[in-house]
Structure formats: structure tokens, C-alpha cells
Amino acid sequence: DAEITQSPRHKITETGRQVTLACHQTWNHNNMFWYRQDLGHGLRLIHYSYGVQDTNKGEVSDGYSVSRSNTEDLPLTLESAASSQTSVYFCASSDVYSSSYNEQFFGPGTRLTVL
Amino acid sequence: AQKVTQAQTEISVVEKEDVTLDCVYETRDTTYYLFWYKQPPSGELVFLIRRNSFDEQNEISGRYSWNFQKSTSSFNFTITASQVVDSAVYFCALSEEDTDKLIFGTGTRLQVFP
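Residue numbers (this note's numbering), protein chains in the order written: chain A, 1 to 115; chain B, 1 to 114.
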């Protein structure tokens with residue numbers, strides 16, 4: 001079955017380290033998104049991509065970067081992790097060619113702790 | 001600017017009670033989409049419904065129903081005869097045409113006690 005996966009599911013790192021969170025989808029969806037979930041804020045958009053080589057900043061993009069070298073993957077990199085980036089991170093994808101084109105399918109989430 | 005407001009932070013009910021979760025949105029677009037997602041204690045996000053701005057018909061799916069009113073910019077979600085398994089955080093979200101980006105509300109935590 002097609003799916004969207006995230007790895008690792010849990011990560012503890014130290015302030016200042018570079019961290020990369022993986023997101024992989026097998027639906028061949030063009031659109032992919034990264035959100036972070038924090039208490040009192042709901043989910044907020046970090047970065048998104050509408051296709052290979054396309055990346056865009058979301059609402060809370062500072063300190064994060066993404067790259068899209070193929071359709072299936074959108075890795076999220078924290079260039080120098082900060083304690084304020086402790087959060088749960090969700091990846092999502094959607095199919096621009098589907099009748100429900102903006103319905104997003106979410107991965108299981110990655111819980112990141114920055115000490 | 002787009003915004004979604006879920007004023008109810010937490011709601012507690014006893015099983016079999018009906019409960020309504022409120023969602024108020026702001027957008028300047030005439031074409032937009034509204035969503036509800038459920039996040040159970042296990043943490044995953046479960047899609048419940050998508051409604052476009054041109055379809056104001058209420059929708060019912062089993063014990064779930066949704067009331068979309070453009071006049072008040074609201075898209076409320078009612079659970080009839082609530083069950084313990086309905087305990088979760090529920091998110092309302094907005095997407096404007098041609099963007100696909102979701103703007104989420106802050107969520108409402110529903111606790112259903114036996």
C-alpha cells in the first residue's frame with residue numbers, strides 16, 4: 001500500500017547540531033509539506049514543495065531548510081538546532097491531479113527534543 | 001490574512017452526550033476549503049472531512065455532522081452520542097484556492113468520560 005513515512009520517529013539532539021528529518025511518500029504526490037506542532041499553536045507550516053526542485057518558505061521557516069531532488073522525498077534540515085525547535089514534526093503530501101487535490105495525507109510524526 | 005480560530009481549548013463530556021466543536025475562519029478568497037482532522041492519543045492525524053466554499057450543505061457521517069455557515073464564517077463539528085473513542089484533539093483547517101497550504105486552528109481537546 002502507498003504510504004508516507006517519517007524517520008526517525010524520535011530524536012534527541014544537542015543545541016547547535018545539524019539534524020535532518022526524513023519524509024518519504026510512495027503516492028507519487030507532487031505536493032509535500034512540513035509542519036511543526038506545538039501546544040497552543042496547533043500545526044504551523046515550515047516549508048513546502050510543489051514539485052522537484054521547488055521549495056517555498058512557510059510561516060515558521062527560520063532555522064530550517066528543505067530540498068526536493070525527487071518526487072518521493074522532502075528532507076527537513078535544522079541547520080543548528082535550538083531548544084525552541086523542540087517539537088513534533090509532521091510531513092504531509094497531496095495530489096494536485098486528484099479530485100480531492102488539496103486533501104493532505106500526514107505521516108506519523110517525528111518527536112524532536114533539543115537539549 | 002487567513003486565520004482559523006478554535007476558541008474551545010478543552011471540552012469534557014460524559015459518554016452519550018452530544019458535543020459541538022466550534023471553528024471560525026477568516027479569508028479574503030471566495031474559493032477556499034475547510035477541513036477537520038482528528039488527532040487521537042496515538043498522535044497521528046486523521047482526515048475527517050473537506051468542504052469547499054461553494055457547498056454550504058450540512059454533512060452527516062454516522063455520529064458526525066458538520067454545519068458550514070458562510071454568513072458567520074463558521075464550520076462547526078458535532079458529535080452525537082459521544083463515545084470514549086472520540087477522545088482526541090480535533091483541528092479545523094483552511095486552505096485557499098491554488099495554494100494547498102493548510103492553516104490550522106489551535107485545536108480542541110475533547111475528553112469523553114465513561
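A virtual CB, placed ideally from N, CA and C, is assigned to each residue, including glycine.
Since this is a predicted model, take the numbers as computed values, not measurements.
>> Can you give me the C-alpha to C-alpha distance between Ala81(B) and Val14(B), rounded to a whole angstrom?
In response: 9 Å
>> Taking 7 Å as the threshold (C-beta atoms), are Leu94(B) and Gln2(B) in contact?
In response: yes
> Any residues in the stretch 42-56 of chain A with a beta carbon nearer than 8 Å to a beta carbon of chain B? Which ones, in chain order?
Replying inline: Gly42, Leu43, Arg44, Leu45, Tyr48 and Tyr50
>> Report the CB separation of Phe68(B) from Arg51(B) in whole angstroms; it is logged as a contact under 8 Å.
In response: 5 Å
> Listed from N- to C-terminal order along the chain, which residues in the stretch 31-52 of chain B have their beta-carbon within a distance smaller than 7 Å of any beta-carbon of chain A?
Replying inline: Tyr33, Gly43, Glu44, Leu45, Phe47 and Arg50
> Got a sec, what are the start and stop residues for the beta strand (DSSP E) Ala92(A) sits in?
Replying inline: Ser87 to Ser94
>> Strictly by DSSP, which residues pair up with Gly42(A)?
In response: Asp38(A)
> Apart from the five residues just before and just after Ser59(B), which ones in its own chain have a Cβ nearer than 6 Å to its Cβ?
Replying inline: Contrary to the premise, residue 59(B) reads as Glu rather than Ser in this sequence. Here the set comprises Trp66.
> How would you write the range of the beta strand (DSSP E) that His24(A) sits in, first residue to last?
Replying inline: Val19 to Gln25
> From what residue to what residue does the beta strand (DSSP E) around Thr5(A) run?
Replying inline: Ile4 to Ser7
> Smallest Cα separation from Thr30(B): which of Val89(B), Lys70(B), Pro40(B) and Thr78(B)?
Replying inline: Lys70(B)
>> Three Cβ pairs or more, each shorter than 8 Å: is that satisfied between the stretch 66-75 of chain A and the stretch 45-58 of chain A?
In response: yes
> CB-CB under 8 Å to Thr26(A), same chain, minus the five flanking residues each way: which ones, in chain order?
Replying inline: Ala2, Glu3, Ile4 and Glu72
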